[in-house]
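Worksheet: one structure, shown below.
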Amino acid sequence: MKKTIRDIDWAGKTAVMRCDFNVPLDGDRITDETRIQAALPSINYLIENGAAIVLMSHLGRPKGQAKPEFSLLPVAKRLSECLGKEVRFVASDVVVDDDVRAAAKELGAGDVMLIENVRYRAEEEKNDPEFAKDLASLGDIFVQEAFGTSHRAHASTTGIADYIPAVSGFLIEKELKFLGEAVNNPQRPFAAIMGGAKVKDKIPVITNLLDKVDILIIGGGMSYTFFKAQGHSIGTSLLDEEGLELAADILKKAEEKGVKFLLPVDVVAADEFANDSPHDTYPVDAIPDNRMGLDIGAETIKLFTETLKTAKTVVWNGPMGVFEMENFAVGTKAIAECLAEIDATTVIGGGDSAAAVTQFGLADKMTHISTGGGASLEFLEGRELPGIAVIDDK
Ligand code: ADP
Ligand code: MG
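One point on numbering: in my numbering, the residue at position 89 of the sequence shown is 89, and numbering is uninterrupted.
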């Protein structure tokens, strides 16, 4: 078990907290403040428990240079409004300098400040020890709360923990609880649904999950590579040439391991990659040469949902079709609705899958939606994330 902010007596201490304030901006207007809202419980806990708080984050890709369009100033303003108290924005082009250090020292119990975008410094992504030490010098205890960057060993996510103790915030605690429990100690039957575009990207995830799941369901763009590996013609559907051999390998492994392995039995295929393109449903062995599969068909929806109803734990990564287009969102929506209804632990990992579930208004019906796209994938691969590994054990 990893230590959390609950395990610290904060009186007289300063927290240096790595948040994920990488919010989408239109000029200096924040167009989606989900990530700011998500950080509030941990910040409020620290305030209530008498900590002084130094917040840090990256925003976009300023590539090691001070670029005003990537400044965290809009975040400081919005955070102040959300917390109902001033968040001092102590900006420096080098992120940490004497003024920033002095401002951090002056903080009293419950005071909050935000420093400038850590990626203003190239040393951040290089995990430079001197920069990590500079960040550590701003406080007494490192709080890891940015799951989305925890798979990267950067100065503000990993290096800093070489100099001060490290604990997790509530967001990380939740990710470890739900993703970790699902993968390592699931209630069975345990089903994984894999979809999305590329087989190659997700092979390590599928391979790792094959050792853990009872049921593996494959849908979405990646299923065509499996069909091809089985000898079906797939028309103009997405094919991951490099993934062909790997797909054949997975089919074999699944059989060896006795995993219930489900592929679509019918697909919705269209003339073109466009919402208004003419389309029909075909069995997987009858996809026309001039059409591309963009969604799972009705028979498949029935097969998948009937199977999922038997599961007690479900991890879902990757949409079942091109859900961004209304006509090809049917399969993804049906799976989301099924997961919303069943009596099981349901965990969504992957940026587009999370977006799909949110788009259907079903986000609050899931047990857990992971906030880290790449990070949750690496977690599902069974890899140790460097930003998690550095958190002190209880
Ligand atoms: P996640 O972000 O949840 O891990 P991916 O990034 O792997 O998911 O894949 C999501 C993308 O896959 C979506 O943009 C979706 O439109 C696309 N996709 C799903 N099914 C198909 C398909 N049959 N053909 C082409 N693209 C597809
Ligand atoms: Mg994606």
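Here a beta-carbon is modelled for each residue, glycine too, at the ideal position from N, C-alpha and C. As the structure is a computational prediction, the values presented were derived from the model and not from experiment.
Sequence-distant residues of the same chain with beta carbon closer than 6 Å to residue i, five excluded per side
i: Ala-329; result: Phe-323
i: Asn-327; result: Asn-275
i: Ala-132; result: Ala-155, Gly-159, Ile-160
i: Leu-55; result: Met-17, Cys-19, Leu-114
i: Ala-153; result: Asn-127, Pro-386
i: Asp-352; result: Pro-319
i: Asp-32; result: Pro-24
i: Gly-60; result: Phe-70
i: Ala-109; result: Gly-50
i: Ser-237; result: Tyr-224, Met-292, Gly-293
i: Ala-278; result: Inspection of the sequence shows that residue 278 is occupied by Pro rather than by Ala. Answer for Pro-278: Asp-271, listed in chain order.
Whole-Å CB distance - residue i paired with residue j, under 8 Å assumed
i: Thr-158; j: Pro-386; result: 5 Å
i: Ile-287; j: Gly-235; result: 5 Å
i: Ala-281; j: Asp-271; result: Note on identity: in this sequence residue 281 is Thr, with Ala being the wrong assignment. Not quite, the Cβ-Cβ distance comes to about 14 Å (not below 8 Å), so this is no contact.
i: Val-284; j: Asp-214; result: 23 Å between Cβ atoms; not a contact.
i: Asp-393; j: Pro-165; result: At roughly 11 Å, the Cβ-Cβ gap does not stay under 8 Å, so Asp-393 and Pro-165 are not in contact.
i: Val-112; j: Leu-83; result: 7 Å
i: Ala-334; j: Ala-356; result: Actually they do not touch by this definition, with Cβ atoms about 11 Å apart.
i: Ser-92; j: Leu-72; result: 12 Å between Cβ atoms; not a contact.
i: Arg-78; j: Ile-30; result: 6 Å
Three-way DSSP call (helix, strand, coil) for residue i in this model
i: Val-330; result: helix
i: Lys-394; result: coil
i: Ala-356; result: helix
i: Val-96; result: coil
i: Lys-105; result: helix
i: Ser-277; result: coil
i: Lys-2; result: strand
i: Val-284; result: helix
i: Leu-138; result: coil
i: Gln-37; result: helix
i: Val-259; result: coil
i: Thr-307; result: helix
i: Phe-170; result: helix
i: Ala-375; result: helix
i: Val-315; result: strand
i: Val-118; result: helix
i: Ala-268; result: In the sequence as displayed, the identity of residue 268 is Val instead of Ala. It is a strand residue.
i: Ala-298; result: helix
i: Arg-78; result: helix
i: Gly-293; result: strand
i: Ile-30; result: strand
i: Leu-410; result: No answer is possible for residue 410: the residues shown for the chain start at 1 and end at 394.
i: Ala-15; result: strand
i: Phe-89; result: strand
i: Thr-236; result: coil
i: Thr-395; result: Nothing can be reported for residue 395, as the shown portion of the chain is limited to 1 through 394.
i: Ile-47; result: helix
i: Leu-59; result: coil
i: Leu-380; result: helix
i: Leu-25; result: strand
i: Ile-388; result: helix
i: Ile-348; result: strand
i: Ala-161; result: helix
Short CB-CB distance (under 8 Å) between residue i and chain D
i: Arg-119; result: Considering every chain present, this structure includes no chain D. It has just one protein chain.
Own chain, CB closer than 7 Å to residue i, minus 5 neighbours either side, in chain order
i: Pro-62; result: Phe-70, Asn-117, Arg-119, Tyr-120
i: Leu-239; result: Tyr-224, Thr-225, Lys-228
Closer than 7 Å: residue i CB and nearest ligand 3 heavy atom
i: Glu-324; result: With respect to small molecules bound, the structure shown includes ligand 1 and ligand 2 and not ligand 3.
Own chain residues within Cβ distance below 8 Å of residue i, not counting five before or after
i: Lys-174; result: His-368
i: Glu-145; result: Met-17, Arg-18, Cys-19, Asp-20, Ala-39, Ser-42, Ser-168, Gly-169, Phe-170, Leu-171, Ile-172
i: Lys-257; result: Leu-210, Asp-211
For the pair the segment 335-349 and the segment 357-367, tell me if three or more CB-CB distances fall below 8 Å. Segment contact: the segment 335-349 against the segment 357-367, three or more CB-CB distances shorter than 8 Å; contact assigned.
For the segment 181-201 and the segment 218-228, state whether three or more C-beta atom pairs, one from each stretch, are separated by less than 8 Å. Contact holds: three or more Cβ-Cβ distances are below 8 Å.
Identify every run of the beta strand (DSSP E) within the segment 174-228, keeping only runs that are complete inside it and at least 3 residues long; order them along the chain. Fully enclosed beta strand (DSSP E) runs of 3 or longer: 190-194, 215-218.
Contact between the segment 176-191 and the segment 88-97: three or more CB pairs below 8 Å? Output reads no: the segment 88-97 does not touch the segment 176-191.
Cβ contact check for the segment 241-253 and the segment 284-293: 3 or more pairs under 8 Å: Taking a contact to require three or more Cβ pairs closer than 8 Å, the segment 241-253 and the segment 284-293 do not qualify as touching.
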